[in-house]
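Participant: With the first letter of the sequence shown counted as 1, position 439 gets the number 440 in the working numbering; the numbers rise by one all the way through.
We put the CB at the ideal spot given by N, CA and C, even for glycine.
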Amino acid sequence: MKPENPSYHSVLTVLTLAVICFSSAAFGQNRQGNETDTLAVAKYMYFAPATMSEANQEMLNQVLTLNFDGITVEQALKKIAVKAGLRIQFSKDVTLVNWDAPVHLQMNTTVAGAIYAVLHYAEKYHVRLLVTRHGQLILSQAEDYKQGDDKTESISIVEVQEQYGTLSGRVIDSLTGKPLYGANIILHNTAIGTSSNDEGEFTIVWLPAGDQSIAVRYMGYISRILPLSVIPGETMEKNIFLEPDQLEGDGVTIYTQAFGQARAIRQQLNANTIVNVVSETRFRELPDANAAESIGRLPGVSVIRAAGEGQKVAIRGMGPQYSSITIDGNRVPGTDGDRSFNLSMITPDMLAGIEVYKSIRPDMDADAIGGSVNIRMGEAAGETRFRVNLESGYNNQITGVGNYKGSILGSSRFLKERLGVMAFASAQDVDRSAHIFSSSYTILRDKRPDEPHAPVVVNSLSITDVQSTRQRYGGGLSLDWRLPGGRLFVNNVYSQQNREEIRYQRRYHLESNLQEWLPGRVRRNIFTLNSTLAGEHSFSGLEVEWRLNRSVSAYNVPHQHRGWFREPNALDLAGADLSGGPEIIPTFARNRPDLAYLESLINQESEEQQTNLSASMDIKVPVVMGRHAAGYFKFGGKHYHNYRDRLSTGYRVHSWDVPNLFNNPNSMFPWLVNENGRASMIPFITDPDRRYFILDGQYEIAHMPSIRLIDQIWDNYSDLYRTLYFYRFDDYEATERLTAGYIMAEFTIGSRLMILPGVRYEHEHSEYKAMVGSFQVKPEDIDEYEINHRASDSLSTRNVGMWFPMVQARYRVTDWFDIRAARTVTTSRPHFLDISPRLMIQYDGGIVTRSNTQIKPIRAVNYDLFLTFNHNRFGLVTIGGFYKEVEDLIYIRNARIVYPDKMELPQNTRRFQITEPVNNENLTTVHGLEVEWQSNLTWLPSPFNGLVLNANYSRVFSEAHYHSFEFRRTSEGIVGVDTFRTAPMVHQADHIANMSVGYDYRGFSSRVSMQYQGATLRSIGDRPETDWYTDDYLRFDASIRQRFFGGALSIFANLHNITNREDRTSQFTYDLPRSMEYYGATFDIGLEYRF
């Protein structure tokens, strides 16, 4: 199996361009057929109410929330019609100027006010609103309106100019004269208002004539309530100056970090769900290493790392497999068989923002118990822009320069801004070398009544030098075409990561009295490819969105070859005190490499790939219920086809195969065989003087065989390796077809209450294929190695349907305080291999491993309650709690087979050990508290007024029941008993805290950040003494940036893991270290040029 040919996606791009051209021609031909230019619009625009309101005046006074960012005037007017519950039609007489002009509006205003605000962008100021006796609304150019016109006879004219006025201006820092982005300007004691744009500009239309009051608020500044005399029919220009809310000192200037923070806060406040946001500006100026690190700074999110780099995230105590990852709303196939996705594939250069939904809506995929992470890709802005990044760095683990990265991005709009094009590419070569310590323990006996736990002693120690390099390549192309009443767009995003690891491992076994050397090389390739063709359209009072998506992910291991050398009787244990920690083991070693021999050479290869095809459509229908209530119904469906397969192979040369390998006439290595017929390790040691210490100088790597020589053996004699057939039991094929439908509504009642009820249904039809059989490994003698295997393919199908009722609400108690609540139902589907019809019986080991085709999806009921405070001086503060009830949690059951027939197993498997996934009949609960504070402290005296603060803390609790099996003596003899014990969820951190302090001054930006994760259950054992925990983790990072020439040129530096913190795990208690991974601190410096 090979990665799919990218030519498919090139074809998709070409087809998309053809659709765009065809759509443009079709619309143009339709306009020409009506004897009008493509840009021609109406002399009159008829807005016919879908449902008549109590009075036409009430209909015009409905309050709408607008958030337009670059759509055309025509699209904006149609969206207003949809929001207001109106239908729009065009006649053919007049051409409006700048009909395709982009509209940028964020405001709350009335229907009529929204229309006038949009027409301002079309440079149409002399427009009148008219209402017919039949309830039609007419937008007419004032000079074209004539009394007695057939279309407007017997009309009652709403004289806008005689009743209303318009206010325009800018919000400005009173001390520095700089514009303030995101300031709220609101008609006092109403919901009518807007916010200032990047230049501090604002416009409020449809202001009632007479004496009014305008409230102006901005975080870090003193709020103002200004009297205003609105003159009918006139537009007033007024600049509003706000004073910094400071204790003393000079004024402040809002720079990049505060700017990005303000964008994220605004999006979070306006959301109809519970969501955390990372804005583009926030991570563009001072970026993290990848998307996992950026997401890990949000409340309730813990990061799972490898070699110090974030790989995946656990949200609210739920492991990575319980959350969904999407790109622009399209599901990304998992890179691993448990359905989780490796976020280190996504670099910040690609992104326009990240949204972490803690509560989902019915129009989102339901398999998101932890949450749903949506990664937003950018699109072409109105102006042409290019950005080039180059950087390099130092890694103190390798004590040298070893990291390189470059990226380029360009975007522009063409054909009168109808066609947008954005393209980007990136490449990175980074060193992720590490030193790893690991150990294992043995339970001597069961605990006695007077003991807190059973006695545990160390059994083995392993030290490993990992020399790891990773190359990442990414690219993307985004096209969009603006159509009358909508747009078409296509996105292609590609990401690839190639890893190579050289591992020098030295291992000591107390129980077997062995010392082992395990040199090896492994190559891994991961890639993802996501292509989307979509459209958004408004017509007949409806909003319609459709999407076609194809996503591919692959995880391939083309080469994993290692040697296995053993020194027998390697430890002098006579009189040894084994009660100490694992660090004492090397003191017992005899260190006789001349006695060591080649046990085996093993090569493993695997290919795993998943392809997703999906098609979806969403339809939104506006609803108006009088003057004080409005909203919409939304319904839609999605069909999802998913195919995944895994193919693995293994090859091995054992010690008793050495004569066949080395003593044949054509052998390149006859001198490696010793007098006992075994391959001595000594000739493999090509550099006997090479020895060095790792792990802070505590342990020595010495006498290590040459990986190059081991690879040569595979390259020249791979046909002599024996196939390990039991690897085939990990292979599978899975085809899943999911059909989903939903209906939901969002109602805004008055200016304070929003309620969002809905229900979703998903039906899954799946087909799986896996191996069923048995095998036995028998070393008959030193000259023979026989593998008896009996296996065949097995097929299974399943059909599962689930309902997901949901409701969310938001109540604005004041303009600075709201309450949000949600009840949602979500699911998580089983791992692919767990649900396949696999059965593997290993007779010589007495082990049965099987999957479970009848296993049920996990179902969770989620409750959220959050309080949000937004204050000028203190910023945004959120306090909330969540509670999850998880049913049918899947766990791996280990038990002894007592009655094989009841378990549908052969009778000769009695007393074998069985491992299988099953549903937990006990309810699992997860609950916790999240607190977040975001603020820029502009009210502090200089020089502290450039500070930007982000801090959050989460406390998470969970209780899951885990199965164990034990034998008990009864009156009927010794019987096996299934029991349960309680422990936290795997990957659930008790405490999560993040804090970053940024500082901006003119062109300088800096940030110091802290991440803390409490102890986390890493793996659950058969008993508490064998549980495995990740220790507390505290990490510090820093970033600085200096801009020159108005921001066109920037120099930046990033320092990661300043304190050189290692990853640690423990078994049962902190006194039993399980592993330590040292990967060092890294320093990057780079250059960015924008033009």
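According to DSSP, is glutamine 610 part of a helix, a strand, or is it coil?
Facilitator: As a position in the sequence shown, residue 610 is number 609, starting the count at 1. The answer is strand: DSSP assigns glutamine 610 an E or B state.
Participant: According to DSSP, what are the bridge partners of arginine 388?
Facilitator: Within the sequence shown, numbered from 1, the residue matching residue 388 stands at position 387. Answer by DSSP bridge pairing, in chain order: Leu410, Arg1091.
Participant: How many Å lie between alanine 272 and arginine 830 at the Cα?
Facilitator: Locating residue 272 in the sequence shown gives position 271, counting from the first residue. Locating residue 830 in the sequence shown gives position 829, counting from the first residue. The straight-line gap from Cα to Cα measures roughly 28 angstroms.
Participant: With DSSP as the reference, identify every bridge partner of valine 112, one or two as the case may be.
Facilitator: Indexing the sequence shown from 1 puts residue 112 at position 111. In the DSSP output, where bridge partners are listed per residue, valine 112 has none listed.
Participant: From what residue to what residue does the beta strand (DSSP E) around alanine 293 run?
Facilitator: Taking the first residue of the sequence shown as position 1, residue 293 is located at position 292. First-last for alanine 293: 292-296, but that is the alpha helix (DSSP H), not the beta strand (DSSP E).
Participant: Quick check on DSSP: helix, strand or coil for aspartate 731?
Facilitator: As a working note, residue 731 is residue 730 in the sequence shown. Of the three classes helix, strand and coil, the one that applies to aspartate 731 here is helix, per DSSP.
Participant: Using only the alpha-carbon positions, how far apart do asparagine 937 and glycine 999 sit?
Facilitator: By one-based count along the sequence shown, residue 937 stands at place 936. By one-based count along the sequence shown, residue 999 stands at place 998. Whole-angstrom Cα-Cα distance: 9 angstroms.
Participant: Quick check on the burial criterion: 16 or more other C-beta atoms within 10 angstroms. Buried or exposed for proline 288?
Facilitator: Within the sequence shown, residue 288 is the residue found at index 287, counting from 1. Looking at its Cβ environment, which holds 16 or more other Cβ atoms inside 10 Å, proline 288 is buried.
Participant: On the DSSP bridge list, what partners appear for isoleucine 756?
Facilitator: One-based indexing of the sequence shown puts residue 756 at position 755. Phe748, Ala810, per the DSSP bridge assignment.
Participant: With DSSP collapsed to three states, give me the class of valine 919.
Facilitator: Numbered from its first residue, the sequence shown carries residue 919 at position 918. Valine 919: strand per DSSP, three-state reduction.
Participant: Would you tell me roughly how many angstroms separate the C-alpha atoms of leucine 924 and tyrosine 892, rounded to the nearest one?
Facilitator: One-based indexing of the sequence shown puts residue 924 at position 923. One-based indexing of the sequence shown puts residue 892 at position 891. Taking the straight line from one Cα to the other gives about 13 angstroms.
Participant: Please classify glycine 1047: is it buried, with 16 or more other beta-carbons within 10 angstroms of its beta-carbon, or exposed?
Facilitator: In the sequence shown, counting from the first residue as 1, residue 1047 sits at position 1046. Exposed, since its Cβ has fewer than 16 Cβ neighbours within 10 Å.
Participant: Going by the CB atoms, is the gap between glycine 1081 and asparagine 397 shorter than 7 angstroms?
Facilitator: Against the sequence shown, residue 397 aligns to sequence position 396. Against the sequence shown, residue 1081 aligns to sequence position 1080. In contact: asparagine 397 and glycine 1081 (Cβ atoms closer than 7 angstroms).
Participant: Beta-carbon separation of glutamine 498 and methionine 346 under 7 angstroms?
Facilitator: Here residue 498 refers to the residue found at position 497 of the sequence shown. Here residue 346 refers to the residue found at position 345 of the sequence shown. Between glutamine 498 and methionine 346, the CB-CB gap stays under 7 angstroms.
Participant: How big is the Cα-Cα spacing for serine 607 and tyrosine 733?
Facilitator: By one-based count along the sequence shown, residue 607 stands at place 606. By one-based count along the sequence shown, residue 733 stands at place 732. Looking at the two C-alpha atoms, the distance is approximately 12 angstroms.
Participant: Note down, in chain order, each residue of its chain lying with its Cβ closer than 6 angstroms to the Cβ of glutamate 609, except the 5 sequence neighbours on either side.
Facilitator: Here residue 609 is taken as the residue at index 608 of the sequence shown, counted from 1. Here glutamate 609 has Tyr556, Arg647 as same chain residues with Cβ atoms under 6 angstroms from its own Cβ, once five neighbours each way along the sequence are excluded.
Participant: Is alanine 82 helix, strand or coil when you go by DSSP?
Facilitator: Counted from its first residue, the sequence shown places residue 82 at position 81. Alanine 82 falls in the helix class under three-state DSSP.
Participant: What's the call for leucine 796, buried or exposed, on a 16-neighbour Cβ count within 10 Å?
Facilitator: Position 795 of the sequence shown, counted from the start, is the residue given in the question as residue 796. Classified as exposed, leucine 796 has fewer than 16 neighbouring CB atoms from the shown chains inside 10 Å of its CB.
Participant: Taking threonine 854 as the reference, which of Asn291, Val773, Pro228 has the closest Cα?
Facilitator: By one-based count along the sequence shown, residue 854 stands at place 853. Cα-wise, what sits closest to threonine 854 is Val773.
Participant: With burial defined as no fewer than 16 other Cβ atoms inside 10 Å of the residue's Cβ, what is the status of phenylalanine 1053: buried or exposed?
Facilitator: On the sequence shown, residue 1053 is found 1052 positions in, with the first residue counted as 1. Under this definition phenylalanine 1053 is a buried residue.
Participant: Out of Arg851, His436, Gln935, state which residue places its alpha-carbon closest to the alpha-carbon of glycine 698.
Facilitator: Numbered from its first residue, the sequence shown carries residue 698 at position 697. The option with the nearest alpha carbon to glycine 698 is His436.
Participant: Using the Cβ count rule (16 or more neighbours within 10 Å means buried), how would you classify isoleucine 226?
Facilitator: In the sequence shown, counting from the first residue as 1, residue 226 sits at position 225. So isoleucine 226 counts as exposed.
Participant: Can you give me the Cβ contacts of arginine 525 inside the same chain, cut-off strictly under 6 angstroms, excluding the 5 residues immediately before and after it?
Facilitator: Reading the sequence shown from its first residue, position 524 is the one you call residue 525. Once the five neighbours on either side are set aside, the close Cβ partners of arginine 525 are Arg500, Val558.
Participant: Between Ile859, Asn643, Thr869, which lies nearest to glutamate 768 when the distance is taken from Cα to Cα?
Facilitator: As a first step, residue 768 is located in the sequence shown; it is residue number 767 there, counting from the start. Residue Asn643 is the option with its Cα nearest to glutamate 768.
Participant: Measuring CB to CB, does phenylalanine 870 end up less than 7 angstroms from valine 878?
Facilitator: Counted from its first residue, the sequence shown places residue 870 at position 869. Counted from its first residue, the sequence shown places residue 878 at position 877. Cβ atoms of phenylalanine 870 and valine 878: closer than 7 angstroms.
Participant: Check the DSSP bridge columns for tyrosine 1000 and list the partner residues they point to.
Facilitator: Translated into positions along the sequence shown, residue 1000 becomes position 999. Per the DSSP secondary-structure output, tyrosine 1000 pairs in a beta bridge with Leu948, Ser1007.
Participant: With distances taken Cα to Cα, identify the nearest neighbour of valine 887 among Thr736, Leu352, Glu960.
Facilitator: In the sequence shown, counting from the first residue as 1, residue 887 sits at position 886. Closest by alpha carbon: Glu960.
Participant: Throw me the rounded Cβ distance for the proline 594 and isoleucine 683 pair, which I believe falls under 8 angstroms.
Facilitator: For the purposes of this step, residue 594 is identified with residue 593 of the sequence shown, where counting begins at 1. For the purposes of this step, residue 683 is identified with residue 682 of the sequence shown, where counting begins at 1. 6 angstroms between Cβ atoms; contact.
Participant: Methionine 807 and threonine 828 - do their beta-carbons sit closer together than 7 angstroms?
Facilitator: Position 827 of the sequence shown holds residue 828. Position 806 of the sequence shown holds residue 807. No, the pair does not count as a contact, with Cβ atoms beyond the cut-off.
Participant: Tell me whether arginine 691 is buried or exposed, calling it buried when 16 or more other Cβ atoms sit within 10 Å of its Cβ.
Facilitator: Looking up residue 691 in the sequence shown gives position 690. With fewer than 16 other Cβ atoms from the protein chains shown falling within 10 Å of its own Cβ, arginine 691 counts as exposed.
Participant: Who are the near neighbours of valine 206 in its chain, counting only those whose CB is closer than 6 angstroms to its CB and skipping five residues on each side?
Facilitator: The residue given as residue 206 occupies position 205 in the sequence shown. Once the five neighbours on either side are set aside, the close Cβ partners of valine 206 are Gly114, Tyr117, Ala118, Thr167.
Participant: Helix, strand or coil for asparagine 499 per DSSP?
Facilitator: On the sequence shown, residue 499 is found 498 positions in, with the first residue counted as 1. Looking at asparagine 499 - three-state DSSP - the assignment turns out to be strand.
Participant: Beta carbon of serine 554, beta carbon of glutamine 611: below 7 angstroms?
Facilitator: For the purposes of this step, residue 554 is identified with residue 553 of the sequence shown, where counting begins at 1. For the purposes of this step, residue 611 is identified with residue 610 of the sequence shown, where counting begins at 1. The answer is yes: Cβ separation under 7 angstroms.
Participant: Let's see if you can read the secondary structure: which residues bound the beta strand (DSSP E) around leucine 229?
Facilitator: For the purposes of this step, residue 229 is taken as residue 228 along the sequence shown, with counting starting at 1. Bounds of the beta strand (DSSP E) holding leucine 229 are 225-231.
Participant: Between the segment 834-843 and the segment 895-904, do three or more beta carbon pairs fall short of 8 angstroms?
Facilitator: no
Participant: Would you call serine 155 buried or exposed, if buried means 16 or more other Cβ atoms sit within 10 Å of its Cβ?
Facilitator: Numbered from 1 along the sequence shown, position 154 holds the residue referred to as residue 155. Because the pLDDT at serine 155 is just 30, under 50, the model does not fix this residue reliably, and the point stays unresolved.
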